[in-house]
Every structure is written in C-alpha cells, then in structure tokens.
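**Student:** Take this structure, written in structure tokens, and hold onto it; I'll ask about it next.
2 protein chains.
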Amino acid sequence: MDLKKQGLNKDKNDSLKSFKSKFINNDNEIYLDGNSLGKLPYKTILDLENVIKKQWGENLISSWNDHWLELNNLINHKMSLLINSDKGEVMVGESTSVNLYKIIHALLESNEFNKALISDSLNFPSDLYVLDGLKNLTTKNKIKIIKYKDDIKCDLNLLKKNIKTDPGIYCLSLVSYKSSYLYPLNELNKVAEENGSVIVWDCSHAIGVTEIDVKKSNIKIAIGCTYKFLNGGPGSPSFLYVSSDILEKLSNPVRGWFGHINPFDFSNEYVPSSNINKFRAGTPSILSLVPVNNGLDITLAAGIKNIRKKSIDLGNYLIELIKNELSQHGVVVASPMNSDFRGSHITIQHEEAWRICKLLISGYKKRKKVIPDFRPHNNIRLGYAPLYVGFFDLFETVMILKSILENKEYLSVDQSKKTVT
Amino acid sequence: MDLKKQGLNKDKNDSLKSFKSKFINNDNEIYLDGNSLGKLPYKTILDLENVIKKQWGENLISSWNDHWLELNNLINHKMSLLINSDKGEVMVGESTSVNLYKIIHALLESNEFNKALISDSLNFPSDLYVLDGLKNLTTKNKIKIIKYKDDIKCDLNLLKKNIKTDPGIYCLSLVSYKSSYLYPLNELNKVAEENGSVIVWDCSHAIGVTEIDVKKSNIKIAIGCTYKFLNGGPGSPSFLYVSSDILEKLSNPVRGWFGHINPFDFSNEYVPSSNINKFRAGTPSILSLVPVNNGLDITLAAGIKNIRKKSIDLGNYLIELIKNELSQHGVVVASPMNSDFRGSHITIQHEEAWRICKLLISGYKKRKKVIPDFRPHNNIRLGYAPLYVGFFDLFETVMILKSILENKEYLSVDQSKKTVT
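Structure below.
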C-alpha cells in the first residue's frame, strides 16, 4: 500500500479520531505546534465564560470558597490520576521555572544528597538558567553540564557513569525539546537510586503524550508545564510532583500563604502544609488555571496509553514519509528513529530551515498552512498532538515540504525574524 | 444636613460616578470587598473573549509574537504611568509572594545593605512567611518583627528608631491589611536612605487607591498585587518595581527564560536582561494577565488623585456614620481616624464580628446584601473602592448594621465557618 493510502487508512481506524472535534480547528491549516502551545478545546471556552462572568463577575469573593480553592484541589487530583501518584504528591500552580527553582533549592538544602547539581546539554535552556542561579548552594559552587557528541540523543553510558561517579541532584528533560529524545525513565531512576542520586524530571515535552507512571518508574520528582500537550492555554501553570517519602524531608524556600497549613487563619507564624501544598506560594492565578481542568479531562478520557500508541504510530509514519520523500532534498531527521526513545515531535534539519518555516506558515501558493516551529539554527520541529493531528495531516505536510524543496521555493523568501519562532 | 442627605448629595456631585457603570454590578448588593477581589469590568469580558477565542483558539502560537509579548510590555508601561516610574523599572508577572522572595533574596545577596531583615506586626502574614524563608541569608539568621502596642497603627518613633539603630532591609505593607493604616512614605524613605536602609513596600492594599509616586516619595522597591483595587481578577499577577539606580546591583535568584536578555535565542548561557525584565522568570500566565490591562486603563482614566480624594471622602463619611449610628452598640473603629494615615478600607470591631458578617452577606430580612470581609477574630473590614462604591452605599450599610445590632439579630446565626472569610 502506498503511503497516502496508508495514512488515510490509519485515520479511518484511529480509535482517537473523535477527539479532534473537541478542539477549535482552523480549516486549511495543519497545526504541528501542540508541543509549544496546545489547542483550545470548545468546552474550555464555556468553562472560562462561567468563571469570568458568573464566578468572578457575579459571585466575586465568595467564589474562592465556592469554587476556586476546590478547583485547584480537583486539578491536582486529576494530575495525580494522569501520573499515577498518590493524592497530596502533586500540585498545579506557578511557572515551571519557579517550581524548578523551589524543588532544586529544597533538595540542595535537604542534606539528603550530595550538593552537586548536574544536567546535560539536551536540557531546555531555561532549566539550565534556573540551575545556574542555584550554583552557590552546591559544594563546588558550579553546575556540571554533561555534553554528548551531538544534540540528538543522550549517551546513556556516559550519563550512567556520571550518576555513579558523581552522585547528586540531576535535572533532565524527559523529552528533549530539540530532538524529541526520550530518556529511559526506569533504567535511569534505578541507577540514580542505587548511587544516592535523585533525578528531577522536567516533563514539559512529555506530559500528555508519553506514559508517566511515577510508581512504576520510581520517579521521585517531576515538574512540567501544562500548556503544551495538556492544552492549558498560554502560560498555564506548571505541575510539581514529589514522592511522599522524600517530600517530608524538603522545605519550600518560597514560603507564601498558600503553602501554609491554614492560609486563612492569618497566623503570623509559618507552618507548612504537610503534603505537596507546602510547595505552593502565592495566590493561584485562577483564569490561567481553569483550562487545565478540561485539558486533563480530555487526556484522561482518551487514555494516556492510547495517546502514546497513536503518537508512536504517527512518528513512525512521519519518518517513513520523510525517508521516502524528503531525504533526497537534503532533509535530515534529527530525532531518534527508535520510537522507544522518542517523544511526540520529530525534528528535521535543513540549512534553509528558517525560510522553509516561513513558507510553511504562510500557506504559499494557496496550499494548506502548516504550523511547525523553528529552533536555531537549522531545526524544524514537527509536533504531532495525537488528540488532534491525523496521519493524513502528516502526509500533506510532507508533500508540501517536498514541493518547497524540489523547487527551492524558499529562495523567494526574506530572512527577517520575529521574536518567538 | 443629616447624614443621609449628605450621602445622596455627595453621590450627586461625585466626579467619578460614571465609572460604576463600567463594572458588572449586582442589584441588591453592596460590595465592600474590592480590597480583597476587585469587580469585573465589562470591557475585560470582551478582552478575554478576544484573547481566548481569537488569539489562543484561532491564531495559536503566532499570538506570542503578535500580541502576548507586547501585552506584557504594554501593561508594564501602564503600571509605570500609575506609579510615575521610568519604563524598565516595573514589570507585572508572577505572584506577590514570588516577587517578594526574589527581591528580598536579591537585596540580601547584593552587599548593598546590612544583612538584616526587619518587618513589623502590621505586615501581611504571607510577607512575613516569605521573609522567614530567607532568614538564613541574614547575618543573625533571623528576622526581626517590630511589635507595636496595638494592631491598628504603627508607632512611628519606634519604627524610625529601629531604622536608625538597626539598618538593613525593611519590608512594610504600605496600607496594613488589618487596620488600613497608611505609612508616611516620604518620611520613612528619607530616614531609611539617611541610615543606609532600604524599605520594600508591599502596596497590595494601596495600589489603585492611594497616590504612589515613586519619584516624589523616593521609593526604591515596591511590590503589590493587582487583583484588589486594580480589578485584575482572581490571582492576577503582581507587580515589581525597582529603582534603576539599585536595579543594576541586584540579581534575580530565579533565573527563568523570560528574564534572559534574548529568551528565544535558546542560548545555554544565562545573560540577564538589563532592565526590570531580569526579575521575570517563567512564561507569563496570559489569561490571568489580560484583565490587568483594562484594570489599569480604568484607573488611569479616572486619575489616581481623583480616586484618592474620593476614597478619603468616603472614609471620613463612613467614620461619621459609625460614630453616630453604631458606637452605642459596641462597635469600635479600628482604623486611623486621620485620613492621611488611612487606606481605602475601614475596620470595625465587635465581639460578634463573624456572625454579623454572615448576616450582612445573607441579605437577612430581604435587606440588601452587604459584602464585607471578616478577619479573625473580631474584625469586619469595609472596603470602599471609589470606582464603584458610592456614599449612599455606605449609608445603607451602616443602617443595616444598626438593625442587626439594635435587635441582636446575630444571635439567630450559627458560628460555622468556610475557608475564605
């Protein structure tokens, strides 16, 4: 069967195909950037309208008691279902950077691990910035960045050797933003535990598209944003999970009132909550929190195993398409070929990546618009959110890329850039 | 003229009376809790609809370039107009607690001041929690809380004596949440500067209802939330202002990508922005940020001098009413009588405060509902947001209170409590 027919066939038999209709979709556009900002579900519009007009507009302050305090608990609970944690081990609130700061600070101050802070070159730059800001709490007053021979995949032997010989606090992105490399969770957590190390997993590019079972994989700490594959909207708050056995040994450096065991007693003395809430700080940003609720509902309804299965199928199919149609035009796949080591986006490289992206986005020659994202200097990321991207979408994308490359259409485009790419 | 007529007359001549119609108002309800959560303006609904449906729903990732990065700049600019700072000295983002943590940490690490952390018993508990979390960065490994003889007002001589004899980093609430006490900014900043101290002003209960002119008052650092008198909605982000002469000496401990000079270069090395943006950290929570824009527009259109003038008038009128109608029923005013030392709420005390609040909120005997808030153990706060509270509203409130007290109606109410009061 040719690849086009294969794609159509796979869409027909897709058990998740009904989920696309839950989202606002633009005709004539293929959105492959759910790994940067997920789509807006219809029901989220209604939820927000209710919160804005009724809960804020009409009921005002009483909505804290009647809705908003409970909303945060509800969302925390749903997040615990998604990652199979106990209740009281995961909370949603504040940005990924702030939560990463809090937990790394807490680990460094806990005396439970060597005061060494280690990451690698596949990690998201913002995480490295956060770690850098905490280096003065480490014994050697510096952070260590393990470098691999390329930006595509982790050298597992090198990483494991580091964990063994230089135990401490590791921070890794479960799915690397650049290449989509997916780390073997179970294996690395085992090595960490056996060697007195802990790994803080940033799951921003993984949550909602890969199976994260904190019990099965023995994850001690995880953070991640909710605005990508969980469809929480621009800048929606992040989650922080801490295993209960380690939680009791940690203190939140940012002691805001929502981390207090009884915030509304207005006691002058800080007594931290006994569960994960002790890592909360300021008043939760309700409007940004609301969409996370429905985002989680949709993901839980689809089932993370089904989502992951479709994601793998989409990835394999896309690689097949690229190999067949684009390789001869200088396109290189810069993501792992083995789906066991791959998240839900595929990065392709081409020297003209930036101008190609501009053409894709513009809907050049009345083609469908394709929304990828560009990462310097020569990477095009194609993210396929299984809830709303189908196989034929990928077929069409590759055909459009083929036309652009075959005819060198990118030569007609100027090089100017906006800020977010 | 009797007080009722006075109230009606003042409403008639109120130059800000047209502003009430910009907000959603409930018939049959007097909302005196704008100091906890401000009302929803009509235009904010439209702004949010546009951001949700069009910018997120339709335009997705491209809205970062087309709208959201600029929105944050715009809001920062409007905030700078409100407090008369230079551009690049104030930003809006993240919670008050997180911003307070960042700035206190930065001050303690800067070596510009004695590593002493001092606050007072009028400060908001959450601020004290944040300071407590940073005490290990002080020389004496503790924070000092100046205690006054009551919870109503600051003993200025005692405070000034402290600033002189124990210089360091002071953190004070410009308007005290409990009593509404308003500190004399200019005077205290002068003493601080002359004695090598700095005061971090938490303006949460002051911003939008008192004149805060950072130049005229020589304010070095200010923070504050935007969900009270600026009507930014539940949990909207806070602002952080740092005077440029001190800004360059400070480092943000939470080094997220939005504090980077070029966040979208994805460089692995952290280079902080040269202006206040270096105190930003994670991705801004856009939906919670949007309403701050219109909230600021309304406040700027009304003019902070006009708002403050009306606030003073409302306060004086309310005190007159209480003196005339409620004093004989055991009600005590626990806020400063002198309007120079008072923000935009008045706290009254009564042993039955909690049950009285329940009656006010319930609209007992088909009266208008009155929404105050309760602060343990015997305080009722009556907040008057000049943009939507009128003089006759206060007259009616006091008449309802009078009925409750005269007839001891609170005896019919049970004592049970919800969480937020």
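These protein sequence lines are chains A and B, in that order.
If you're matching positions, the first sequence starts at 1066 in this note's numbering and goes up one per residue.
If you're matching positions, the second sequence starts at 1066 in this note's numbering and goes up one per residue.
No residue lacks a Cβ here, since even glycine has one placed at the ideal position from N, Cα and C.
The model shown is predicted, which means the values in this text are computed figures rather than measured ones.
1) Got a sec, what are the start and stop residues for the beta strand (DSSP E) G1448(B) sits in?
2) Measure from the C-beta of D1458(A) to each C-beta in chain B and report whether the shortest distance is under 8 Å.
3) Taking the CB atoms as reference points, tell me whether S1238(B) and H1270(B) lie closer together than 8 Å.
4) In terms of DSSP beta bridges, what is L1237(B) paired with?
5) Taking Cβ-Cβ distances shorter than 9 Å, what residues in chain A pair up with D1197(B)?
6) Taking E1390(A) as part of the alpha helix (DSSP H), name the residues at either end of that continuous run.
7) If we require 4 or more residues per run, which alpha helix (DSSP H) segments fall completely within the stretch 1071 to 1158 of chain B?
8) Which residues in chain B have a C-beta closer than 7 Å to the C-beta of E1313(A)? List them in chain order.
9) Rounded to a whole number of angstroms, what is the C-alpha to C-alpha distance between G1072(B) and F1457(B)?
10) Can you find a C-beta in chain A that's less than 8 Å from the C-beta of K1388(B)?
11) Out of K1087(A), Y1166(A), S1244(A), G1122(A), which has the shortest C-alpha to C-alpha gap to S1186(A)?
12) Comparing the C-beta of F1331(A) with each C-beta of chain B, is any distance below 8 Å?
13) Chain A partners of G1300(B), CB-CB under 7 Å?
14) Measuring only the C-alpha atoms, how far is I1272(B) from N1090(A)?
15) Enumerate in chain order the residues of its own chain whose CB-to-CB distance from N1137(B) is below 6 Å, with the five nearest sequence positions on each side excluded.
16) Roughly how far, in whole angstroms, is the beta-carbon of A1418(A) from the beta-carbon of I1436(A), given that I think they are within contact range, below 8 Å?
17) List the residues of chain A whose Cβ lies closer than 7 Å to the Cβ of E1385(B), in chain order.
18) Please list the residues of the stretch 1429 to 1444 of chain B that have a C-beta atom closer than 8 Å to any C-beta atom in chain A, keeping them in chain order.
19) Could you tell me which chain B residues have their CB closer than 8 Å to the CB of V1163(A), listed as they occur along the chain?
20) Report yes if the CB atom of T1275(B) is closer than 8 Å to the CB atom of V1307(B), and no otherwise.
21) Can the beta-carbon of H1170(B) be found less than 8 Å from the beta-carbon of P1401(B)?
22) For S1175(A), list the residues DSSP reports as bridge partners.
23) Which one of M1144(A), F1329(A), I1286(A) has the shortest CA to CA distance from K1167(A)?
24) If you measure from the beta carbon of G1122(B) to each beta carbon in chain A, is any gap under 8 Å?
25) Can you round the beta-carbon distance between P1299(B) and T1109(B) to whole angstroms, since I take them to be within the 8 Å contact cut?
26) For L1105(A) and chain B, any beta-carbon pair shorter than 8 Å?
27) Are the stretch 1252 to 1265 of chain A and the stretch 1128 to 1144 of chain A touching by the rule of at least three beta carbon pairs closer than 8 Å?
28) Measuring CA to CA, which of G1321(A), Y1453(A), R1407(A), S1309(A) is closest to S1150(A)?
29) What did DSSP end up calling Y1306(A) once you bin it into helix, strand or coil?
30) For the putative contact between I1126(A) and D1079(B), defined by C-beta atoms under 8 Å, what is the C-beta separation to the nearest angstrom?
31) Tell me whether T1203(A) sits in a helix, a strand or coil according to DSSP, three-state version.
32) Return yes when the Cβ of R1320(B) is within less than 8 Å of the Cβ of Y1194(A), no when it is not.
33) List the endpoints of the continuous alpha helix (DSSP H) containing K1473(B).
34) Say whether chain A places a C-beta atom closer than 8 Å to the C-beta of D1098(B).
35) Determine the closest residue to L1470(B) out of L1199(B), Y1248(B), S1338(B), I1387(B), with distance taken between C-alpha atoms.
36) If you measure from the beta carbon of Y1166(B) to each beta carbon in chain A, is any gap under 8 Å?
**Tutor:** In brief:
1) 1444 to 1448
2) Output row for D1458(A): interface = no.
3) yes
4) W1266(B)
5) R1320, E1334, Y1335
6) 1369 to 1390
7) 1107 to 1114, 1134 to 1148
8) Simply none; closest approach about 18 Å.
9) 5 Å
10) no
11) S1244(A)
12) yes
13) T1348, P1349, S1350, I1351
14) 41 Å
15) P1349
16) A1418(A) to I1436(A), Cβ: 15 Å. No contact.
17) In chain order: nothing, as chain A lies at least about 26 Å away.
18) I1436, D1438, R1440, P1441
19) E1159, V1163, V1319, G1321, A1346, G1347
20) no
21) For H1170(B) and P1401(B), no; Cβs fall outside 8 Å.
22) When DSSP reads this structure, S1175(A) sits in no beta bridge, so it has no partner.
23) I1286(A)
24) yes
25) No, P1299(B) and T1109(B) are not in contact; Cβ-Cβ is about 12 Å, not under 8 Å.
26) It does: the Cβ of L1105(A) has a partner Cβ on chain B nearer than 8 Å.
27) no
28) The shortest Cα separation from S1150(A) among G1321(A), Y1453(A), R1407(A), S1309(A) belongs to S1309(A).
29) strand
30) No, I1126(A) and D1079(B) are not in contact; Cβ-Cβ is about 24 Å, not under 8 Å.
31) coil
32) yes
33) First-last for K1473(B): undefined, no H or E at that position.
34) Taking Cβ atoms only, chain A reaches closer than 8 Å to D1098(B), which makes this a yes.
35) I1387(B)
36) yes
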